[in-house]
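Residue numbers (our numbering): 105 to 296.
In this text, a Cβ means the ideal position worked out from N, Cα and C, and glycines have one as well.
These figures come from a predicted structure and were not determined experimentally.
Shown next, in structure tokens, is the structure this report addresses.
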Amino acid sequence: MKLRTSEWEVRRIPHADARAFMAANHYAQGAGNTSVYAHGLYKKGQLELLGAAVWLPPMRPAAQWVSRELGVNPDGVLCLSRLAIHESVPTNGASFLMGRAIRQIKKDGNWSALVTWADDRLGHTGAIYKATNWTPAGTTNPRRLWVDAEGRLVSTRTGRPHERRNLSKAECLERGWSQTEPSYKHRFIFKF
């Protein structure tokens, strides 16, 4: 069943709503603490959130890479950090949410390019990005990730913001974490 665009809408939502939605519907089981934009997918006239997209500036090296690739200011690059759709949403719901969110971001006029990644380790190929006119931009270098005893991805970063450091391999192993096989991500860019 395909989504009928006349029956659905995308609107800005509070970050907390998007974060809660990601905790329940995204494979990462959450999202960061902040965003520049959070967009929600709704059936018209309904209050139930059925999809969400979270946007924030990428890490500086990624913004600089996009800047070189597209000839834009790195401060004008925005990253799609999370995208999730409830299982009840028709098949083209993700592309509808993405397309409408991009239109709203473009209308604001504050950003010149977008970047995102699709995780090959999870079988993601970036079909949604191709369907919404993102440009494939190669893959990242393969790397191993850390997972906890329950199989959830974990960060090796620890400490307060001004004292942050990465845990050593020995410290990660002491916590009972293990490493995944090397994997890479498909990279996608979008220029306004």
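CA-to-CA, the gap between residue 161 and residue 206 works out to about 15 Å. Taking 8 Å as the cut-off, the Cβ atoms of residue 181 and residue 222 do not count as close.
For residue 278, the uninterrupted alpha helix (DSSP H) segment begins and ends at 273-278.
For the segment 221-257, the continuous beta strand (DSSP E) assignments of 3+ residues that do not extend past its boundaries occur at 239-243, in sequence order.
By the neighbour-count criterion, in which 16 or more other beta carbons inside 10 Å mark a residue as buried, residue 220 falls on the buried side.
Counted as a single uninterrupted DSSP element, the alpha helix (DSSP H) harbouring residue 197 occupies residues 197-212.
Excluding sequence positions up to five before and after residue 290, its CB lies within less than 6 Å of the CB of 222, 230 and 243, all in the same chain and listed in chain order. Beyond the five residues adjoining it in sequence on each side, residue 276 comes within less than 7 Å, by CB distance, of 250 and 260 in the same chain, given in chain order.
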